[in-house]
RNA sequence: GGCCCCAUCGUCUAGCCCGGUCUAGGACACUGGUCUUUCAAGCCGGCGACACGGGUUCAAAUCCCGUUGGGGCCGCCA
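Okay, structure coming up:
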C-alpha cells in the first residue's frame, strides 16, 4: 500500500528545484490569529530573499482554517506589516477558507486509496485520556480504535449521520528520513507518530492536510519555515507519498528566542512588527537586523541593503541554533540607518510622527529650516521618536524645560545679566553663523570673567530645555536669530527667580 | 514523560563539512582614552567564549560517543 522504497529512502529523492532549474516558488503562510510578529517576519524575509535570489515567485497564503480565531483585521495588519517591510508578494494572498472543497476532495481521495479512515471518537474523550496519560508521565498516542471497526460498522455509522473525522493511518516500524536544507538529514521513527486528523468532523481541514494540498497545488518548490514545524514534516511527507506528489525541499530555520531563552512572545515586550514601526524603527533597519538572526552573510558585513542581502543570501549559511532577539543591537542598527539618511529623506520619514503632533504643517512650510535642525539631531537619535522627545524644541516653541536641567545649569547669580547682554548682542549680529555666534558668546562670558562653559550650558537649557544636545553654536545658527533672541529673553524672568531662590537658600 | 533539533565571548556570529595557518576573528553591549561647551557620532585601546567527560589522532573548536544544558513538537490550533 505504501511505496516503501520512497518512505525508506526519501533522501536523495528531492533534487532541489534550483538544481533542476525549475522556477523557484516559495510562500509565506501566516495564520491570521494574531498580528505579524518578528519571528514570522523573519521567516517571510528568508522566503522573500530566496525567491528574489533565484528569480522565483514569492506568494502569500492566509491559513485561516481556524475560523474561530481568524479575523479579517488580522489579515489586514499582516499585509500592512509586510508592505511596510518591503516584502512584496507576487501571488496571492490566497485564502484557505476559500479552498475548502479542494481539501475535502483530497481527504476523501486518501480515504478511498486506503490511507485514511473515519474516526468517530469524541475529541473531549480523547483529550481526557491524553491528559490522564500525561499526568502519569505515560506517552500517549491514539490507539486507532476506530480503524479496527468493521467496514460495515463504519458504513453504518456514517449512514446514520454520526460525525466523524478522517485520520491518516501512519505506518509503523518504518523510519522516515528527509533532507533538510539547514539541518541535513532528519529522522523520525514512525512508531512515534500517531494517526493524525486530516479532516475535522465539521468538514474543515487540519493544518497538516491544508499545507500539503496547497503547497502541492501552488507548486511550491521550497518550504522554508520555522523549526517548530520540523516534527510535522514526516506527517506531511506521508501525505505527499500517499498522493504520489513530488516533495518540495524543506528548510527549517531556527526560532527566535527572548532574552530568557524561551520562544519570543508578548511577555518579552514588543513583538509585533507594526509596534516597532510605531516606536520609531526604520523598516530597513528591522529587516536588516532580522536577517542577521540565524543567517550570516559571507564576508561578514552586517549593514546590508536589500540588494546586498538578495545577492548574498543562501540557505546553506543559515544557522541551526536558535538566536536571541537583542533589542540593543537592533537599536544600534536603527541609529546607523538614521545617520545614513539624507536630511530631506529623514524629514519625510519623520512625517507620520510629526503629523501626529501637529508639527508637520510648519515643517512643510519651511523645509530647509527643518532639514538643518533634523540634521543636527541625527547622530544622537536611535529611534525616529527620539526626534520628538529630545528634539522637541526644534519643532515647537512650546517645548518643556526640564526642571532638573534648570536646577543644574541655572544656578549662577550672574546668569540673568549675562543672558540679557548676550541676547542684545546676538540681536545685533548681521551674520548669524556659528563662528560669529561663538565669538559673541565667548566675548560676553569673558567680559564678565565667567567661564564660557557656564554661559553655554545655561543657554542650552534655555534654548532646548535640556542639558544635552547638539553643539550650542550650530544649534543657535540653525534655530535662527529671531528664535534664539526671543527664547533667551523669554527665560530671563525664570532665570532671575532661580538665581534669587538660590541665593536665599544659602 | 516520549520524540526531534541544537550547543564558540553577556548577545548576534566567523572558523567546523576538507583536523594543524586559532596564543579562536568580527559586530552589539560594557569599559578606558581621544575630540569637546554637554550628549552623541567618530577615532584608538580593553574586558570577554570553543558547555562537560571520554575516545580517534603526532595534532581537535573542528571527527565519534556519552553527559549536561537549552529549544521545539506531542490538539478535530497553526
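Numbering (this note's numbering), first residue to last: 3 to 508. All residues carry an ideal CB built from backbone N, CA and C; glycine is no exception.
Checking the DSSP bridge columns, you'll see residue 121 partnered with 167.
For residue 71, the secondary structure class from DSSP, reduced to helix, strand or coil, is coil. DSSP places residue 115 in the coil class of the three-state scheme, outside both helix and strand. The DSSP assignment places 40-55 as complete runs of the alpha helix (DSSP H) inside the region 24-85, in order along the chain (cut-off: 4 residues).
The C-alpha of residue 68 lies about 12 Å from the C-alpha of residue 205. When Cβ pairs closer than 8 Å are counted between the two stretches, the region 205-217 is seen not to touch the region 188-196, the count staying below three. Around the beta carbon of residue 118, 16 or more other beta carbons sit within 10 angstroms, so the residue counts as buried. Its chain contains 282, 283, 284, 340, 351, 352 and 355 as the residues whose beta carbon lies nearer than 8 Å to that of residue 386, once the 5 sequence neighbours on both sides are disregarded; these appear in chain order. Taken in chain order, the unbroken stretches of beta strand (DSSP E) that lie wholly in the region 169-245 and span 3 residues or more are 177-182, 186-191, 199-201 and 224-228.
Here residue 153 has no same chain residue with a Cβ atom under 8 Å from its own Cβ, once five neighbours each way along the sequence are excluded. Contact between the region 176-186 and the region 124-132 is absent: fewer than 3 CB-CB pairs across the two stretches fall below 8 Å. Cβ-Cβ separation between residue 305 and residue 261: approximately 24 Å, too far for a contact (criterion under 8 Å).
Burial is judged here by how many other beta carbons sit within 10 angstroms of a residue's own beta carbon; residue 230 has fewer than 16 and is exposed. When the Cα atoms are used, residue 451 and residue 435 turn out to be separated by approximately 24 Å.
By the Cβ test, the region 52-68 is not in contact with the region 111-125, since fewer than three Cβ pairs between them sit closer than 8 Å. In this structure, residue 493 places its C-beta atom within 9 Å of the C-beta atom of residue 421.
One Cα belongs to residue 146, the other to residue 104, and the distance between them is close to 26 Å. For residue 144, the closest alpha carbon among the candidates 115, 183, 138 and 199 is that of 199. Here the alpha carbon of residue 244 sits roughly 29 Å from the alpha carbon of residue 256.
Secondary structure of residue 320 (DSSP, three-state): strand. Across the set 384, 274, 202 and 167, the C-alpha of 274 shows the shortest separation from the C-alpha of residue 37.
Residue 347: member of the alpha helix (DSSP H) spanning 345-359, first to last residue.
Listed as beta-bridge partners of residue 252 by DSSP are 182 and 225. Under DSSP, residue 93 shares a beta bridge with 61. The shortest CA-to-CA distance from residue 375 to any of 394, 384 and 39 is the one to 394. The C-alpha of residue 381 lies about 10 Å from the C-alpha of residue 471. Rounded to the nearest whole angstrom, the C-alpha separation of residue 426 and residue 497 is 16 Å. Within the same chain, and ignoring the five residues on either side of residue 25 in sequence, the residues whose Cβ sits closer than 7 Å to its Cβ are 58 and 59.
Pairwise C-beta distances place the region 315-334 out of contact with the region 73-92, as fewer than three of them are shorter than 8 Å.
Residue 500 and residue 469 have their C-alpha atoms spaced approximately 16 Å apart.
Contact between the region 159-168 and the region 235-253 is absent: fewer than three C-beta pairs spanning the two stretches fall below 8 Å. Nearest neighbour of residue 368 by Cα position, chosen from 359, 346, 384 and 383, turns out to be 346.
Residue 320 sits close to residue 183, with the two beta carbons spaced by under 9 Å. Nearest C-alpha to residue 232 among 136, 223 and 253: 253.
The alpha-carbon separation between residue 296 and residue 89 amounts to approximately 19 Å.
Inter-residue distance for residue 349 and residue 53 is about 33 Å (C-alpha atoms, whole angstroms).
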